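Heads up: take any position in the sequence shown, counting from 1, add 42, and you land on the numbering used here.
Data first, discussion second: the structure below is written as structure tokens.
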Amino acid sequence: MAPASKADKKAAVDAAAWMFNVVTSVGIIIVNKALMATYDFSYATTLTGLHFATTTLLAFVLRWLGYIQASHLPFPELLKFVFFANFSVVGMNVSLMWNSVGFYQIAKLSMIPVSCLLEVLFDKIRYSRDTKLSIAVVLLGVGVCTITDVSVNTKGFIAAFIAVWSTSLQQYYVHYLQKKYSLSSFNLLGHTAPAQAATLLLVGPFLDYWLTNRRVYTYDYNIASVMFIILSCTIAVGTNLSQFICIGKFTAVSFQVLGHMKTILVLIMGFFFFGREGLNLQVVLGMFIAVVGMIWYGNASSKPGGKERWSISLPTSRQQKHSNLSESSERDPKA
Numbered sequence: 043m044a045p046a047s048k049a050d051k052k053a054a055v056d057a058a059a060w061m062f063n064v065v066t067s068v069g070i071i072i073v074n075k076a077l078m079a080t081y082d083f084s085y086a087t088t089l090t091g092l093h094f095a096t097t098t099l100l101a102f103v104l105r106w107l108g109y110i111q112a113s114h115l116p117f118p119e120l121l122k123f124v125f126f127a128n129f130s131v132v133g134m135n136v137s138l139m140w141n142s143v144g145f146y147q148i149a150k151l152s153m154i155p156v157s158c159l160l161e162v163l164f165d166k167i168r169y170s171r172d173t174k175l176s177i178a179v180v181l182l183g184v185g186v187c188t189i190t191d192v193s194v195n196t197k198g199f200i201a202a203f204i205a206v207w208s209t210s211l212q213q214y215y216v217h218y219l220q221k222k223y224s225l226s227s228f229n230l231l232g233h234t235a236p237a238q239a240a241t242l243l244l245v246g247p248f249l250d251y252w253l254t255n256r257r258v259y260t261y262d263y264n265i266a267s268v269m270f271i272i273l274s275c276t277i278a279v280g281t282n283l284s285q286f287i288c289i290g291k292f293t294a295v296s297f298q299v300l301g302h303m304k305t306i307l308v309l310i311m312g313f314f315f316f317g318r319e320g321l322n323l324q325v326v327l328g329m330f331i332a333v334v335g336m337i338w339y340g341n342a343s344s345k346p347g348g349k350e351r352w353s354i355s356l357p358t359s360r361q362q363k364h365s366n367l368s369e370s371s372e373r374d375p376k377a
């Protein structure tokens, strides 16, 4: 009875973590969309820097209050993480500017197979046939929902390539660092957020000027736009934290697969809030296929053998040797 209740408690905590991530991620997309579309605040990199500055401030307050314990993250590890994370932010912004919406969506979908490859190479993970097929169904469904016109050029392809690999490496590294150094989600954020805030706020205004030909300090700030910026920064704290929680609890692949539920919710919310034509038969069909794939993935990956580490030959031979010795000792009472 006790194990069952413990499993139920874990399932409830996992579901709450996913809901926290979904709500904050969808919320920040809607707020940022309003900020950029309604108030013409198109400085995405600088805004991301403000998000991490707000996260840094909260982490400092919680550490001062004693809610976050002291922890250690080696500087080379922090440097590698910030490198991947910042290239992810810059790469995604540049990819969106240089590519069509269709190719941008294809690039985002390709993060799932790239994340799978990283797990296979670095964690020696093996996927069952059902798990692979379920991932393919999710990709198909989200692709049907989102991909429209597809055109690509050389510089757009390079930007998308950098964005996909840096984002996948950053998400893999979140899980890796938490496990290796026994860091909680907020402890890891406490280490990485200040470095990301400093670098993005330093580089952001120049990059945004290059992308938009507009300077952030010449923007016509007013009460409404500032309130939306504050709201965006506030929600971003939850988005950053929930991402670290989910990837720490699960893996980057699971985060990517189930995270496409956010894509579906954004399409629905965009239909209601921004009056787009949106929900035609193609989109509804794609949503249905994607949801079926997500349910299938959750079921397939949780089964024995659905997603497990490779068995390595050396430990296996050692175990066989140990087993043979045990059998020999059982047959020989003098041993």
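No residue lacks a Cβ here, since even glycine has one placed at the ideal position from N, Cα and C.
All figures in this text were calculated on a predicted structure; none of them were measured in a lab.
The DSSP assignment places no complete beta strand (DSSP E) segment of no fewer than 3 residues inside the segment 45 to 70. Per DSSP, Y169 is one residue of the beta strand (DSSP E) stretching across 167 to 169. Judged by pairs of C-beta atoms under 8 Å, the segment 239 to 256 touches the segment 131 to 142, as three or more such pairs exist. A check of alpha carbon separations from T241 across K51, L107, A127 identifies A127 as the nearest. Judged by DSSP in its simplified three-state form, K174 adopts helix. The beta carbons of G328 and V186 sit closer together than 8 Å. Contact annotation, M336 with V64: C-beta distance approximately 12 Å; criterion of less than 8 Å not satisfied. Rounded to the nearest angstrom, the Cβ distance from I154 to V295 is 7 Å, consistent with a contact under 8 Å. Remark: C-beta atoms of I277 and G108 do not approach each other more closely than 8 Å.
DSSP, read as helix, strand or coil, puts K304 in helix. About 22 Å separates the beta carbon of M311 from that of I148, a gap too long to meet the 8 Å contact definition. Between S344 and G290, the C-beta gap is not smaller than 8 Å, which leaves the two residues out of contact.
The beta carbon of C158 lies closer than 6 Å to those of V295 in the same chain, with the five residues before and after it left out.
DSSP places K345 outside both helix and strand once states are collapsed to three, so it counts as coil.
When Cβ pairs closer than 8 Å are counted between the two stretches, the segment 117 to 135 is seen to touch the segment 199 to 213, the count reaching three or more. In this structure N282 is buried. Its beta-carbon is surrounded by 16 or more other beta-carbon atoms within 10 angstroms. Straight-line spacing of the CA atoms in S152 and V299 works out to 11 Å. Membership of D250 in the alpha helix (DSSP H) is indicated by the continuous run 227 to 254. If the five residues before and after F83 are omitted, its C-beta is found closer than 8 Å to the C-beta atoms of L77, L89, Y261, S267, F270, I271, all from its own chain and listed in chain order.
Taking 8 Å as the cut-off, the Cβ atoms of T96 and C275 count as close. Nearest in C-alpha terms to T234, of all of T98, N74, A58, A59, is T98. Just so you know, the alpha carbons of V258 and A237 end up roughly 21 Å apart.
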